[in-house]
Amino acid sequence: MKSKILFIISVLFGLLFINSGLNKFFNYMPLPEDMSPEMLELFNAFTTIGWLMPLIAIVEIIAGILVMFKPTRALGAIMLFPILVGILLLHLLNEPSGLLMAIVFFALDIWFLFESRNKLKPLFNK
1 MKSKILFIIS VLFGLLFINS GLNKFFNYMP LPEDMSPEML ELFNAFTTIG WLMPLIAIVE
61 IIAGILVMFK PTRALGAIML FPILVGILLL HLLNEPSGLL MAIVFFALDI WFLFESRNKL
121 KPLFNK
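In full-length UniProt numbering, the protein residues as written are 1 to 126.
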């Protein structure tokens, strides 16, 4: 039962990041209208750096695909970890209204890493 729940959540999690990455290329989801001026300024700064958003988008798409499948879930979770730290800090410091969602996504990524701990142990052995 636990493995089925993990599979379903990982597929939804992966699809979320695939969608997020594709949106960075095709802009089919508008920015929220109630976004604070500070957040708009921050997003404008991100888009001013021409290579940053496409790089994040590619990582989100690849990691989203990887996290959906058990053999590659650990690699996908590792790839998403720095992005999720950034999302968590962004909401913690600038937009607290999205903090709960960021915490949930971060916790899910930690769960995926924990469930893959046997694959990750060799990374920490001397």
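Don't be surprised by glycine CBs; every beta carbon is placed ideally from N, CA and C. Just so it is clear, the structure is predicted and the values come from calculations on it, not from any experiment.
Under the criterion of beta carbons closer than 8 Å, G86 and G14 do not qualify as touching, at roughly 18 Å. In the displayed model, I49 falls within coil according to three-state DSSP, outside both helix and strand.
Taking one beta carbon from each stretch, the region 5 to 24 and the region 35 to 44 have fewer than 3 pairs nearer than 8 Å; the two do not touch.
Taking the Cα of I83 as reference, the smallest distance to any Cα among Y28, L52, I9, N125 is reached at L52.
The C-beta separation of L99 from A77 comes to about 21 Å, leaving the pair out of contact by the 8 Å criterion. In this structure, the alpha-carbon of A102 lies about 9 Å from that of L89.
Pairing F105 with V59, the inter-Cα distance amounts to about 16 Å. Taking all protein chains shown into account, F26 has fewer than 16 neighbouring C-beta atoms within 10 Å of its C-beta and is therefore exposed.
A straight line joining the alpha-carbon of I49 with that of A57 spans about 14 Å.
Residue environment analysis places D109 among the buried positions, since at least 16 neighbouring C-beta atoms fall within 10 angstroms of its C-beta.
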